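K.L.:
Before I ask anything, let me first share the structure, which is written out below as structure tokens.
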Amino acid sequence: AQTVTQSQPEMSVQEAETVTLSCTYDTSESDYYLFWYKQPPSRQMILVIRQEAYKQQNATENRFSVNFQKAAKSFSLKISDSQLGDAAMYFCAYSEGGNAGNMLTFGGGTRLMVKP
Amino acid sequence: GAVVSQHPSWVICKSGTSVKIECRSLDFQATTMFWYRQFPKQSLMLMATSNEGSKATYEQGVEKDKFLINHASLTLSTLTVTSAHPEDSSFYICSSYPGTGRSDTQYFGPGTRLTVL
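Take a look at the structure:
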């Protein structure tokens, strides 16, 4: 079974600084998707960024970017110019297959605190 | 963007009663819907995968007779917690997948908080 591990239960960053959240996963598949989701206090899951395993180029979405190391099975999230609104739980997730319509396996989450 | 709703958002019930939670995709048809459970300060755990017109596929350890899932249409899936007990108290979240033709992304509902007294 696939597993997703987030080794940092909590992280803290100063407003306007950069922070990196770590994620590792275990799979024997070659086709899969990786995601970072944000869960604010409202508990609504919000997709932050996604990466298709077949793509070598790291995904970016405005202030959010990933470092996808396929051989190392590592998928870290970098948040630049951190804002107060970035404070939330962040979950790394894995989905097997060639599309995003398969079950998601989530990591344990990282709580990000942003200091003003 | 695509919107998924859940109803109710919060429900309190007595032990032994049954509770139905609805998950609706409001502006798209979902080929697949997923049900997750999230205990306090924990991650999301998949309970079952639901496809319209067919029986749900349950994850290991999830009692299919206790958590009844009905995917009645391409826009509606329901989760019924039968004979609920305090240990069933949790946050239940659904997600809907419209297929590869539309952004190839799962869309999450806002969740339902269930408290069993």
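These protein sequences, in sequence, are chains B and D.
Start counting the first sequence at 1294; every next residue gets the next number (my numbering).
Start counting the second sequence at 302; every next residue gets the next number (my numbering).
In this text, a Cβ means the ideal position worked out from N, Cα and C, and glycines have one as well.
Please read all numbers here as calculations on a predicted model, not as lab measurements.
With 16 as the cutoff for other CB atoms within 10 Å, does Pro399 of chain D come out buried or exposed?
P.N.:
Indexing the second sequence from 1 puts residue 399 of chain D at position 98. The residue in question, Pro399 of chain D, is buried, as its Cβ has 16 or more Cβ neighbours within 10 Å.
K.L.:
Should Leu1397 of chain B go down as buried or exposed, given a rule of 16 or more other Cβ atoms within 10 Å for buried?
P.N.:
Position 104 of the first sequence holds residue 1397 of chain B. Flag for Leu1397 of chain B reads buried.
K.L.:
By how many angstroms is the C-alpha of Leu369 of chain D removed from the C-alpha of Thr376 of chain D?
P.N.:
To locate residue 376 of chain D, count along the second sequence from 1; it is residue 75. To locate residue 369 of chain D, count along the second sequence from 1; it is residue 68. Answer to the nearest angstrom: the Cα atoms are 17 angstroms apart.
K.L.:
Buried or exposed: which applies to Phe1328 of chain B, given that a residue is buried once 16 or more other Cβ atoms fall within 10 Å of its Cβ?
P.N.:
Here the question's residue 1328 of chain B lines up with position 35 in the first sequence. With 16 or more Cβ atoms within 10 Å of its Cβ, Phe1328 of chain B is classed as buried.
K.L.:
Which of the three DSSP states, helix, strand or coil, is assigned to Asp1324 of chain B?
P.N.:
By 1-based counting over the first sequence, the position of residue 1324 of chain B is 31. Correct three-state label for Asp1324 of chain B: coil.
K.L.:
Does any CB atom of chain D fall closer than 8 angstroms to the CB of Gln1307 of chain B?
P.N.:
Sequence index remark: in the first sequence, residue 1307 of chain B carries index 14 (1-based). It does not: the Cβ of Gln1307 of chain B has no partner Cβ on chain D nearer than 8 angstroms.
K.L.:
If we ignore side chains and look at the alpha-carbon of each, how far apart do Thr350 of chain D and Arg325 of chain D end up?
P.N.:
Locating residue 350 of chain D in the second sequence gives position 49, counting from the first residue. Locating residue 325 of chain D in the second sequence gives position 24, counting from the first residue. Their Cα atoms are separated by approximately 15 angstroms.
K.L.:
If you run the structure through DSSP and keep just helix, strand and coil, what is Asp1374 of chain B?
P.N.:
The residue you call residue 1374 of chain B lines up with position 81 of the first sequence. Looking at Asp1374 of chain B - three-state DSSP - the assignment turns out to be coil, as it is neither helix nor strand.
K.L.:
Given that a residue counts as buried once 16 or more other Cβ atoms are within 10 Å of its Cβ, and exposed if not, what is Lys1408 of chain B?
P.N.:
For the purposes of this step, residue 1408 of chain B is identified with residue 115 of the first sequence, where counting begins at 1. When all chains shown are included, Lys1408 of chain B counts as exposed.
K.L.:
Quick one: using the 10 Å Cβ neighbour count with 16 as the cut-off for buried, is Lys356 of chain D buried or exposed?
P.N.:
Stepping through the second sequence from its first residue, residue 356 of chain D is reached at position 55. Counting Cβ neighbours within 10 Å, Lys356 of chain D comes out exposed, since fewer than 16 surround it.
K.L.:
Taking only three categories from DSSP, how would you classify Asp1319 of chain B?
P.N.:
For the purposes of this step, residue 1319 of chain B is taken as the residue at position 26 of the first sequence. Reduced to three states, the DSSP call for Asp1319 of chain B is strand.
K.L.:
So that I know if they touch, is there some Cβ in chain B lying closer than 8 angstroms to that of Asp405 of chain D?
P.N.:
Within the second sequence, the letter at position 104 stands for residue 405 of chain D. Closer than 8 angstroms to some Cβ of chain B, the Cβ of Asp405 of chain D qualifies, so yes.
K.L.:
What three-state label does DSSP hand Glu1354 of chain B in the structure shown?
P.N.:
Looking up residue 1354 of chain B in the first sequence gives position 61. Reduced to three states, the DSSP call for Glu1354 of chain B is strand.
K.L.:
Using CA coordinates, which residue listed in D:Thr383, D:Lys321, D:Ile394 is at the minimum distance from Phe335 of chain D?
P.N.:
What you label residue 335 of chain D is simply residue 34 of the second sequence in a count that begins at 1. When each option's Cα is compared against that of Phe335 of chain D, the closest is D:Ile394.
K.L.:
Once DSSP output is grouped into helix, strand and coil, what is the label at Glu388 of chain D?
P.N.:
In the second sequence, the residue the question calls residue 388 of chain D occupies position 87. Of the three classes helix, strand and coil, the one that applies to Glu388 of chain D here is helix, per DSSP.
K.L.:
Is the Cβ of Leu1377 of chain B closer than 8 angstroms to any Cβ of chain D?
P.N.:
Here residue 1377 of chain B corresponds to residue number 84 of the first sequence, with the count starting at 1. Interface criterion not met: the Cβ of Leu1377 of chain B is under 8 angstroms from no Cβ in chain D.
K.L.:
At least one CB of chain D closer than 8 angstroms to the CB of Ala1393 of chain B: is that the case?
P.N.:
Numbered from its first residue, the first sequence carries residue 1393 of chain B at position 100. By this cut-off, Ala1393 of chain B is an interface position.
K.L.:
Against chain D, does Leu1405 of chain B count as a neighbour if the rule is that its beta carbon must be under 8 angstroms from one of theirs?
P.N.:
Position 112 of the first sequence, counted from the first residue, corresponds to residue 1405 of chain B. No, Leu1405 of chain B does not count as interfacial toward chain D.
K.L.:
Quickly, what does DSSP pair Arg325 of chain D with across the bridge? List them, please.
P.N.:
Counting from one through the second sequence, the residue named residue 325 of chain D turns up at place 24. Answer is D:Ser306, D:Leu377, bridged to Arg325 of chain D.
K.L.:
Would Gly1400 of chain B count as contacting chain D if we go by Cβ distances under 8 angstroms?
P.N.:
Taking the first residue of the first sequence as position 1, residue 1400 of chain B is located at position 107. True, the Cβ-Cβ gap to chain D drops below 8 angstroms.
K.L.:
With a cut-off of 8 angstroms, does the C-beta of Leu1340 of chain B fall near any C-beta of chain A?
P.N.:
Given the protein chain composition of this structure (B and D), no chain A is represented.
K.L.:
Taking a cut of 7 angstroms between CB atoms, which residues from the region 353 to 368 of chain D lie near chain B?
P.N.:
none
K.L.:
Would you decide whether Val1306 of chain B is buried or exposed? Buried here means 16 or more other CB atoms lie within 10 Å of its CB.
P.N.:
Locating residue 1306 of chain B in the first sequence gives position 13, counting from the first residue. Its Cβ being crowded by 16 or more others within 10 Å, Val1306 of chain B is buried.
K.L.:
Report all residues from its chain with a CB closer than 8 angstroms to the CB of Met1304 of chain B; omit the five preceding and five following residues, and keep chain order.
P.N.:
By 1-based counting over the first sequence, the position of residue 1304 of chain B is 11. Hits under 8 angstroms: Val1312, Leu1314, Thr1403, Arg1404, Leu1405, Met1406.
K.L.:
For Gln1350 of chain B, decide whether its Cβ has a neighbour in chain D, counting only Cβ atoms nearer than 8 angstroms.
P.N.:
On the first sequence, position 57 is the one that residue 1350 of chain B refers to. Judged by the 8 angstroms Cβ criterion, Gln1350 of chain B is not in contact with chain D.
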